[in-house]
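Report on the following structure.
There are 2 protein chains.
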Amino acid sequence: MSNIRLVEAKLPTGFRFHPRDEELVCDYLMRKVALTDTFQLMIEVDLNKCEPWDIPETARVNSKEWYFYSQRDRKYATGLRTNRATTSGYWKATGKDKAVHSKGTIVGMRKTLVFYHGRAPSGTKSDWVMHEFRLQPTFSVSTFKG
Amino acid sequence: MSNIRLVEAKLPTGFRFHPRDEELVCDYLMRKVALTDTFQLMIEVDLNKCEPWDIPETARVNSKEWYFYSQRDRKYATGLRTNRATTSGYWKATGKDKAVHSKGTIVGMRKTLVFYHGRAPSGTKSDWVMHEFRLQPTFSVSTFKG
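So the sequences go chain by chain: D and S. 1 is the number of the first residue of the first sequence in full-length UniProt numbering; add one for each residue after it. 1 is the number of the first residue of the second sequence in full-length UniProt numbering; add one for each residue after it.
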């Protein structure tokens, strides 16, 4: 059972994990990156090694919802494209990425992906949908040499 | 602050009161009727005396969501029609009632109502929407005389 469900099991009826996009980005993702994720409610899943139907039980929250962290695997060592293939298919982005706001600032982006069986571009669309949240750095570090 | 929000305030980010229709009927409404609502998460609101914008702060859950119990006021002592008027307007049902299921049985009904300013039938529609859950008795008591 996931730690999320362990927390839910102790709560009165009707209380459940139902995070807003902003909370996933500003709390869970930022804490994970800052290594201050003390709750450890979510596990890490390697999406290249894991088919959608094999995502571990410890990530499951409701009957048809899973929450987990994942690291993006680069398709090419020198590029920025993400490898989203599994053994039996691949995740393909759909629609436009959506900005996640907090206090009037864009703090992250939400990408929606659909799982296709087979190999791109001739795969067969499935009913599996994933929302992927990534941080949107508001500040960048610059160096300057005179 | 409502008792629901007091519970939420103690929980990790992302956990909130987000009940399913079935939970509202089978847990909260049935317990209320059976006088076993030990949590007392929700207050009672008299919808004839309370305008939508005056619903007490102690019923508020999120910024735009309120959860509360109410008793239906009969329009006529001998009839079954409900008086849904306030001082400044009235609640009017919209659409068809929806059955609420639990384990394959209909346990309740959900009615959706919209608030109109003024007097029926010439009121002006507002943005206030209410979902009203009522129990649907599955068993009835019968007496038999030989």
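From the three backbone atoms N, C-alpha and C, an ideal C-beta is built for every residue, glycine too.
For Val7/S, the C-beta contacts it makes with chain D under 9 angstroms involve Leu11, Pro12 and Phe15, in order along the chain. Around the beta carbon of Gly104/D, fewer than 16 other beta carbons lie within 10 angstroms, which makes this residue exposed. Residues of the stretch 34 to 56 of chain D that bring their beta carbon within less than 9 angstroms of a beta carbon in chain S comprise Phe39 and Leu41, in sequence order. Within its own chain, the residues whose Cβ lies closer than 6 angstroms to the Cβ of Thr112/S, once the five positions on either side in sequence are excluded, are Thr94, Gly95 and His131, listed in chain order.
Between Tyr67/D and Gly89/D, the C-beta spacing is not below 8 angstroms. With fewer than 16 neighbouring CB atoms inside 10 Å of its own CB, Gly118/D falls in the exposed class.
Unbroken alpha helix (DSSP H) stretches of 4 residues or longer found wholly inside the stretch 35 to 113 of chain S: none. For His101/S, no CB of chain D lies under 8 angstroms from its own CB, so it is not counted at the interface with that chain. Just measuring C-alpha positions, the residue of Asn62/D, Trp53/D, Gly108/D and Thr86/D sitting nearest Trp128/D is Trp53/D.
Listed in chain order, the non-local C-beta contacts of Lys125/S below 7 angstroms within the same chain comprise Val114 and Tyr116, local neighbours out to five positions each way being set aside. The C-alpha of Glu22/D is placed about 6 angstroms away from the C-alpha of Ser102/D. Pairwise C-beta distances place the stretch 6 to 13 of chain D in contact with the stretch 1 to 20 of chain S, as three or more of them are shorter than 8 angstroms. Under DSSP, His117/D forms a beta bridge with Gly89/D and Thr124/D.
Nearest to Val45/S by alpha-carbon distance, out of Arg84/S, Arg5/S, Glu8/S and Asp97/S, is Arg84/S. Residue pairing by DSSP places Met130/D opposite Leu113/D in a beta bridge. The three-state secondary structure of Arg20/D, taken from DSSP, is coil. Taking 8 angstroms as the CB threshold, Glu132/S stays off the interface with chain D. Remark: C-beta atoms of Arg134/S and Gly108/S approach each other more closely than 8 angstroms.
One Cα belongs to Thr87/D, the other to Glu51/D, and the distance between them is close to 7 angstroms.
Ranked by Cα distance from Gln136/S, the first of Glu57/S, Arg31/S, Ala99/S and Lys32/S is Ala99/S.
Of all residues in the stretch 62 to 75 of chain D, none is placed with a Cβ closer than 8 angstroms to any Cβ belonging to chain S.
By DSSP's assignment, Leu135/S forms a beta bridge with Gly108/S. Within chain S, the C-beta atoms nearer than 8 angstroms to that of Asp27/D come from Thr13 and Gly14, in chain order. Secondary structure note for Lys32/S: its alpha helix (DSSP H) is the uninterrupted segment Met30 to Val33.
Taking 8 angstroms as the cut-off, the beta carbon of Trp91/D is found closer than this to the beta carbon of Leu47/D.
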